[in-house]
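Throughout the sequence shown, residue numbering follows my numbering, covering 69 to 352 in sequence.
Even for Gly, the Cβ is constructed at its ideal location relative to N, Cα and C.
These numbers were taken from a predicted model, which means no experiment stands behind them.
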Amino acid sequence: MIRALLLSALILSAQDFSEIKVERLAATYTFTEGPAWSKDGYLIFSDTPTDRLLRWYPGHDVEVFRADANGPAGNAFDSEGRLYTCETRTRRVTRTDKKGAIEVLAERWEGKRLNAPNDIVVSKSGHVYFTDPAFGEQSDHRELDFFGVYHLAPKNQLKLVAKPAGRPNGIALSPNGRILYVINSDERNLRAYDLDKSGDASNERVLISNLTGVPGGVRTDDKGNLYIAGTDLSIYNPEGKLLHGLELRSRASNCAFGEPDMHTLFVTMGGLVERLRLETKGAY
Numbered sequence: 069m070i071r072a073l074l075l076s077a078l079i080l081s082a083q084d085f086s087e088i089k090v091e092r093l094a095a096t097y098t099f100t101e102g103p104a105w106s107k108d109g110y111l112i113f114s115d116t117p118t119d120r121l122l123r124w125y126p127g128h129d130v131e132v133f134r135a136d137a138n139g140p141a142g143n144a145f146d147s148e149g150r151l152y153t154c155e156t157r158t159r160r161v162t163r164t165d166k167k168g169a170i171e172v173l174a175e176r177w178e179g180k181r182l183n184a185p186n187d188i189v190v191s192k193s194g195h196v197y198f199t200d201p202a203f204g205e206q207s208d209h210r211e212l213d214f215f216g217v218y219h220l221a222p223k224n225q226l227k228l229v230a231k232p233a234g235r236p237n238g239i240a241l242s243p244n245g246r247i248l249y250v251i252n253s254d255e256r257n258l259r260a261y262d263l264d265k266s267g268d269a270s271n272e273r274v275l276i277s278n279l280t281g282v283p284g285g286v287r288t289d290d291k292g293n294l295y296i297a298g299t300d301l302s303i304y305n306p307e308g309k310l311l312h313g314l315e316l317r318s319r320a321s322n323c324a325f326g327e328p329d330m331h332t333l334f335v336t337m338g339g340l341v342e343r344l345r346l347e348t349k350g351a352y
């Protein structure tokens, strides 16, 4: 049963975040990650250590969407309703069509296996971007000598966006699809890249520095504000100025907007999934 509580907030702007209603959607999992909302009306999220993708329809209990899912982490849907998943155990990115058929989109760079794809985002025009760090045991099996951020064009041409010194983690797009945002967990910053009409990235810059804790996922609302999951949930404007800091019960791994009105922010943390009802509307 969903349990509600009130979450205190540090108020740094005129909007009142002092009484945010938070509901526990799911618990008793091992390590939740990769929330993604489908326009077909359900939430997908990962329980990475148990190799499961889970699905929640409003008003129903959480169900197993896919077992033996190869250590799933980040998930995303495209405009056609297809599901993209970062598989950390098989070190690849897959796409699942609406009939359940699974296609491998990326697993190697210049003949070498990827490290362990972690988070992913898909633009409205079908361009896919994902991060490829290596955490824990993943570092023991690397074939590549760098961490990567990649761009997969609609015709499945894989391109390297960046080789950051630290490990890239969360990834998101601006509402207009012209800016790519990437969290770096080691450097504790967020980088931005301009995207051209071909989806190629340029003008790399650090937009936000000195993020608290070990930052993970990032999402944007329809105004271009950035929601960064970490020790707390930090909200920044498009220029990188901190607007709000929402305290969480534990460190968050990721977040995603969803539900039909896109006013719910789903947050994965530890073995939990919680949802916050906000005044702002998320960007698809």
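Whether residue i touches residue j by CB criterion (8 Å)
| i | j | result |
| --- | --- | --- |
| Gly284 | Gly267 | no |
| Gly313 | Thr96 | no |
| Ala320 | Leu301 | yes |
| Val130 | Ala94 | yes |
| Gly308 | Ser242 | no |
Cβ neighbour criterion (16 or more within 10 Å) applied to residue i
| i | result |
| --- | --- |
| Glu101 | buried |
| Tyr125 | exposed |
| His209 | exposed |
| Asp115 | buried |
| Glu155 | buried |
| Gly142 | buried |
| His128 | exposed |
| Asp289 | buried |
| Arg176 | exposed |
| Thr199 | buried |
| Leu80 | Any reading at Leu80 must be qualified, since the residue scores a pLDDT of 37, below 50, and its modelled position is unreliable; no value is offered. |
| Val189 | buried |
| Val161 | buried |
| Arg159 | buried |
| Val274 | exposed |
| Ser193 | exposed |
| Ala233 | exposed |
Whole-number beta carbon distance between residue j and residue i, since they are thought to touch under 8 Å
| i | j | result |
| --- | --- | --- |
| Ala137 | Leu151 | Not a contact, Cβ separation roughly 11 Å. |
| Arg235 | Phe214 | Not quite, the Cβ-Cβ distance comes to about 10 Å (not below 8 Å), so this is no contact. |
| Val335 | Glu342 | 5 Å |
| Leu248 | Tyr197 | 6 Å |
| Ala104 | Ala144 | 5 Å |
| Leu212 | Lys180 | 5 Å |
7 Å CB neighbourhood of residue i in its chain, flanking five on each side removed
| i | result |
| --- | --- |
| Arg287 | Ala240, Tyr295, Cys323, Ala324, Phe325 and Gly350 |
| Gly281 | Gly298, Thr299 and Arg319 |
| Arg256 | Asn278, Leu279 and Pro283 |
| Ile276 | Asn257, Leu258, Tyr304 and Gly308 |
| Arg345 | Lys89, His331 and Thr332 |
Close-in-space but distant-in-sequence residues of the same chain around residue i (CB under 6 Å, 5 per side omitted)
| i | result |
| --- | --- |
| Arg163 | Arg150, Tyr152, Glu171 and Leu173 |
| Arg157 | Asn138 and Gly139 |
| Thr348 | Asp289 |
| Val250 | Val217, Pro236, Ile239 and Arg259 |
Cβ neighbours of residue i in the same chain (closer than 8 Å, five flanking residues each side left out)
| i | result |
| --- | --- |
| Ile201 | Here residue 201 is Pro; the residue named in the question, Ile, does not match the sequence. Asn183, Ala184, Asn186, Phe215, Arg235, Pro236, Asn237 and Ser253. |
Any C-beta of chain D under 8 Å from that of residue i
| i | result |
| --- | --- |
| Thr288 | The displayed structure is made up of one protein chain only, and chain D is not part of it. |
(Q) List, from N- to C-terminal side, the beta strand (DSSP E) runs of 3 residues or more that fit wholly inside the segment 126-209. (A) Runs found: 131-134, 140-145, 151-155, 160-164, 170-174, 188-190 and 196-200.
**Q.** Ordered list of beta strand (DSSP E) runs contained in the segment 221-245, each at least 3 residues
**A.** Complete beta strand (DSSP E) runs here, min 3: 226-230 and 236-241.
Q. What runs of the beta strand (DSSP E), each 3 residues or longer, lie entirely inside the segment 251-318?
A. List check, beta strand (DSSP E) in window: 257-263, 269-276, 286-288, 294-297, 300-304 and 310-315.
(Q) My parser needs the beta strand (DSSP E) runs of 3 or more residues fully inside the segment 317-343; what are they? (A) List check, beta strand (DSSP E) in window: 322-326 and 332-337.
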